[in-house]
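Presented below is the structure to which this report refers.
2 protein chains.
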Amino acid sequence: MVDSPPTIYDVAKLAGVSIATVSRALNSLSSVRPSTRAKVMAAMDELEFVPNAVARGLSRGKHWILGLVFTRATVDNNVLVVEEASLLYTDIVIRGAETRAAEHGYSLLLSSADDSHPSGMNSLLSLSGTVDGLILLDRVLGDEDVAYLARRIPVVLLAGRGDSPSAVTVRVDNKQAMRSLVEHLTTVHDITRVGFVSGASASPDSVARVIAFREAIKGSGGTLDDVDVLDGDWTSASGEAVMQARLNRPEPLPQAFACANDQMAVGVIYALNVRGLRVPDDIIVTGFDDITLTRYFKPALTTIRQSGSLLGAVAVDTLVATLDASHEIERTIVLPTELVVRGSCGCVDETEPRLTLAGVSTLRSEAG
Amino acid sequence: MVDSPPTIYDVAKLAGVSIATVSRALNSLSSVRPSTRAKVMAAMDELEFVPNAVARGLSRGKHWILGLVFTRATVDNNVLVVEEASLLYTDIVIRGAETRAAEHGYSLLLSSADDSHPSGMNSLLSLSGTVDGLILLDRVLGDEDVAYLARRIPVVLLAGRGDSPSAVTVRVDNKQAMRSLVEHLTTVHDITRVGFVSGASASPDSVARVIAFREAIKGSGGTLDDVDVLDGDWTSASGEAVMQARLNRPEPLPQAFACANDQMAVGVIYALNVRGLRVPDDIIVTGFDDITLTRYFKPALTTIRQSGSLLGAVAVDTLVATLDASHEIERTIVLPTELVVRGSCGCVDETEPRLTLAGVSTLRSEAG
DNA sequence: TACAACTCTGTAAGCGGTTACATTTAGAGT
DNA sequence: ACTCTAAATGTAACCGCTTACAGAGTTGTA
Chain X
1 MVDSPPTIYD VAKLAGVSIA TVSRALNSLS SVRPSTRAKV MAAMDELEFV
51 PNAVARGLSR GKHWILGLVF TRATVDNNVL VVEEASLLYT DIVIRGAETR
101 AAEHGYSLLL SSADDSHPSG MNSLLSLSGT VDGLILLDRV LGDEDVAYLA
151 RRIPVVLLAG RGDSPSAVTV RVDNKQAMRS LVEHLTTVHD ITRVGFVSGA
201 SASPDSVARV IAFREAIKGS GGTLDDVDVL DGDWTSASGE AVMQARLNRP
251 EPLPQAFACA NDQMAVGVIY ALNVRGLRVP DDIIVTGFDD ITLTRYFKPA
301 LTTIRQSGSL LGAVAVDTLV ATLDASHEIE RTIVLPTELV VRGSCGCVDE
351 TEPRLTLAGV STLRSEAG
Chain P
1001 MVDSPPTIYD VAKLAGVSIA TVSRALNSLS SVRPSTRAKV MAAMDELEFV
1051 PNAVARGLSR GKHWILGLVF TRATVDNNVL VVEEASLLYT DIVIRGAETR
1101 AAEHGYSLLL SSADDSHPSG MNSLLSLSGT VDGLILLDRV LGDEDVAYLA
1151 RRIPVVLLAG RGDSPSAVTV RVDNKQAMRS LVEHLTTVHD ITRVGFVSGA
1201 SASPDSVARV IAFREAIKGS GGTLDDVDVL DGDWTSASGE AVMQARLNRP
1251 EPLPQAFACA NDQMAVGVIY ALNVRGLRVP DDIIVTGFDD ITLTRYFKPA
1301 LTTIRQSGSL LGAVAVDTLV ATLDASHEIE RTIVLPTELV VRGSCGCVDE
1351 TEPRLTLAGV STLRSEAG
């Protein structure tokens, strides 16, 4: 039911020229006589010719495809797990990357590595013929592996643990973010005892945030008791579950819980509410990411805003720059974060004033 | 900094055999003597050879890549718009598709069509050399275009308007969904006057839901006044905005608003609350999709659950089946939806009981 | 009109694999 | 040792396009 598509041979025959001429007319590289070009174009139209991108890529060594590798929660032969774990920050990053890639004329090839059996270098390497460069999300590879991969194909690391010696890294400033959060908690709210809810333990980004938070707390004289470092997995359900478990322990609660993302913060608040604890009156809870929906929560989440789509976009920009120029690219690009103070820490909701009568389009253009 | 990778020619030379033998050892198609295979394998290891997927694809005509085409909100040179419009249902579908594709051994190539200048057939056709099949999300193409495309490459339509005569369609049962929602509202809550908040006007899925809702209401004797069909764009901000605008009009409000997705329902409820209207006491609001986060809202959303990841997964299954077998595939696959009754319509929260002490892993395996 | 100097166009060799077909080799049978 | 046959390997064409190089055509100038 699918006809085999016409090739430049067909076009050449119909137009009465050689395939080289067809190719030249197609790419308008060297000069083709206007009359000849017209003949070729007419033949292309008639045959509904569309050049085969793969053949072109093979011969030119350029594919206009970027690969985006990310980790996916293990699937227990069960679609719902994905659903649960979905709507996470990764998706925003992917969207941002895809959008920017499209602007550069690239497509984005998604390649997820199941976190249960870590992809092995080979599956990644086998992409090297297909894509022009690779973005590794929330870095799953060790330094050696990254170095090895980067020798074969341009690589940009997105988030993840510390900077790599062998590839450009794009990430947000977790340290600065946590420092500003901790500073707010300690100076404005006089907090000294805090807790933390981490993301999936396999996620370097989660690890980075825990460490950054620990350091920030230590630096400000507060305490973070081990019993109050709760291990979530990025989902709101996990936030709820780990807080429930915590509430069943005898140790007194800290004055505040910082969460490694907003979803978990929501789950945490829910679990606290179920036990009759009020946020922020009885205990403070903060998030990370500033996803749109949680602004509508009551209390609205105090959180750290990072632009996931910007992160994805900058990673793409960086990779494209690496491909275009041979000149050196900055080794590490750190994007800023911003503490957004709302109700869940007990502050007045300082959210940007909401539009009062705007239509959707107005609202959109003002969103910038 | 990137060495050109070894080819089978290099391997053949090192192993002292011909490239055909290398290829055969690689694919273990016809028989290769064990000793020869060992030599070849050794050479591959030494050279760190990885076969070039593009070259293989060109010659075999099989690429192990599926294309997923979706519409993206117009970008005003502004990343934040993406952020705002993100975390939408599309992302879950993409995730589900990617996961299932990986299980089948395929990668997923993302290709977004900016909704401002609808991609034109050509950009889609030019994918035909790269991917083995195409999934069109929330169908952006007219019937003729789909038919044209489907003659060139296997196509599966995901959601969107009615079924197409020329390609397999995978969608949820919007009609049944709206019927069950309307039935609930009219029989349990004695609602007769309702409103509706639609998604982006360009989205066929949104259109389908409006129509389905209209029919269901008409069928049950209720009324849906034109002034109460509010045009959102899927985002919660748009839900808030259109409801604010509606509240500024003099016409009395209906008894309930159904929203085309959960995000907008959240925005709608927020706008109502700001004006001092309580949900569900003063007015009922319902959603669509059943995204995880809104279960934690108060009131928890009454909504229609559809599994986006399942939708994506089934679309992939269908496409792969089309590729594998030449046998006929069912023309239309309709996935069920389920009315989930929670607090926002005034019913008791019948949500599945929450786990009380589960660790994260326990919680996960029970999520199925 | 002849010849240089361009401008166009064609030929053919890749890009890195697969695979039909031809050829060599190995092992069995006598 | 010597066919005979099947298994293993090699040769070369092909997938669809780009591009270096060569050849043909065109134009201008002397």
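For the record, the sequence lines run as chains X and P. Okay, so the first sequence: first residue is 1 according to our numbering, each after it adds one. Okay, so the second sequence: first residue is 1001 according to our numbering, each after it adds one. Ideal Cβ placement from N, Cα and C applies to all residues, glycine included. What you are looking at is a predicted structure, and each value in this text was computed from that prediction instead of being measured.
query	result
Beta-carbon proximity check, X/A256 vs X/I284, cutoff 7 Å	yes
Sequence-distant residues of the same chain with beta carbon closer than 6 Å to X/D10, five excluded per side	L47
P/D1225, enclosing beta strand (DSSP E) - first and last residue	T1223 to D1231
Complete alpha helix (DSSP H) runs within the region 1289-1333 of chain P (minimum length 4 residues, chain order)	1308-1324
Endpoints, alpha helix (DSSP H) assigned at X/E338	Unbroken run through X/E338 is the beta strand (DSSP E), E338 to V340; no alpha helix (DSSP H).
Burial state of P/T1111, where buried means 16 or more other Cβ atoms lie within 10 Å	It should be noted that the sequence gives Ser, not Thr, for residue 1111 of chain P. So P/S1111 counts as buried.
Residue-level contact to chain X via CB, P/A1015, 7 Å cutoff	no
C-beta neighbour in chain X for P/S1236, strict 7 Å	yes
is_contact[P/A1055, chain X] using C-beta, thresh 7 Å	yes
Any C-beta of chain X under 7 Å from that of P/Y1270	yes
Cβ-based burial, P/S1004 [other Cβ within 10 Å; buried from 16]	exposed
X/E98: contacting residues in chain P (beta-carbon distance under 7 Å)	L1110 and S1112
Test: X/V93 CB closer than 7 Å to a CB of chain P	no
Alpha-carbon to alpha-carbon, P/N1122 and X/S344	50 Å
Cut-off 8 Å between Cβ atoms - residues of its own chain near P/S1023, not counting five sequence neighbours on either side	I1008
Own chain residues within Cβ distance below 6 Å of X/V320, not counting five before or after	H104
Among P/K1218, P/V1017 and P/R1151, nearest to P/M1178 - alpha-carbon criterion	P/K1218
Min CB distance P/A1216 to chain X below 7 Å	no
Contact with chain P by X/G276, beta-carbon distance below 7 Å	no
Separation of X/A42 from X/A101, as counted between CA atoms	32 Å
Positions along the region 1133-1158 of chain P whose CB lies within less than 7 Å of some CB in chain X	R1151, R1152, I1153 and P1154
CB contact check: X/E123 to chain P, cutoff 7 Å	According to the sequence shown, residue 123 of chain X is Ser rather than Glu. Not closer than 7 Å to any Cβ of chain P, the Cβ of X/S123 fails to qualify, so no.
Residue range of the unbroken alpha helix (DSSP H) whose run includes X/T90	Y89 to H104
Cross-chain neighbours of P/T959 in chain X, by beta carbon under 7 Å	The first residue shown for chain P is 1001 and the last is 1368, placing residue 959 of chain P beyond what the model contains.
Length of the line joining the Cα atoms of P/A1265 and P/T1192	20 Å
Interface flag, X/Y296 vs chain P, CB-CB below 7 Å	yes
Assumed close pair P/L1181, P/L1339 - CB separation to whole angstroms, cut-off 8 Å	6 Å
Segment limits, alpha helix (DSSP H) that includes P/S1180	N1174 to E1183
For P/V1341, the nearest candidate out of P/D1289, P/N1273, P/Q1263 and P/V1054 (CA to CA)	P/D1289
8 Å CB neighbourhood of X/V32 in its chain, flanking five on each side removed	T21, R24, A25 and V40
The region 1048-1060 of chain P in contact with the region 124-139 of chain X per 3-pair CB rule at 8 Å	yes
Through-space distance from P/I1269 to P/D1225, alpha-carbon basis	20 Å
Residue-chain proximity (P/T1292, chain X), Cβ-Cβ < 7 Å	yes
Beta-carbon neighbours of X/G267, restricted to chain P and to distances below 7 Å	Y1296
Chain-order list of residues whose beta-carbon lies under 6 Å from that of P/F1049 (same chain, five-residue window excluded)	P1006 and V1011
Closer than 9 Å at the beta carbon, the chain P residues around X/H63	V1054 and T1130
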